[in-house]
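For what it's worth, this note's numbering labels the leading residue of the sequence shown as 2, then goes sequentially. Since the structure comes first, as structure tokens, the remarks are kept for the end.
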Amino acid sequence: MRPKINARSERRDIRHRRIRARVSGTTERPRLAVYRSLNHIYAQLIDDAVGRTLVSAGTTLKEVREKVKHGGNKMAAAVVGEIIAQKAAEKGIKQACFDRGGFKYHGCVAVVAEAARKAGLQL
């Protein structure tokens, strides 16, 4: 019998490992990994074949903080999604596979994905 796991972060880690077993980024189609905390949201495009982050964005960046006051809401998530898609286009990346990081595809996580799609990144 497995031990009961109660901590939210431990349950999220288990979900994230299960997702990562199926989702992997390549040079042509990197993985768009999203992490959400109470105060900030981060996104990065990762090439898992090499183990390298190609592009990153988050609400701690100066260009995002100029546009939004608080980094933990949907408006900030939309800005992060747009910026990650713009930076990806500059690097010549048109497609990515989405990694929700063990979080529900809901709220800020979904807004990042939708904003990236709207800005031209194919997920």
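Glycine residues also receive a C-beta, built at the ideal position from the N, C-alpha and C atoms. Source: prediction; values computed, not measured.
- Remark: C-beta atoms of Arg37 and Gly73 approach each other more closely than 9 angstroms.
- A contact is defined here as three or more CB-CB pairs under 8 angstroms, and the region 29-49 meets this definition with respect to the region 64-80.
- Under the three-state reduction of DSSP output, Asp49 falls in the coil class, being neither helix nor strand.
- Within a 10 Å sphere around the beta-carbon of Tyr106 sit fewer than 16 other beta-carbons, which makes this residue exposed.
- In the three-state scheme derived from DSSP, where H, G and I count as helix and E and B as strand, Ser57 is classed as strand.
- Ile85 is positioned such that its CB atom lies closer than 9 angstroms to that of Ala58.
- Under DSSP, the beta-bridge partners assigned to Cys98 are Arg32.
- Looking only at Arg9, Ala8 and Arg13, the smallest Cα-Cα distance to Asp100 is reached by Arg13.
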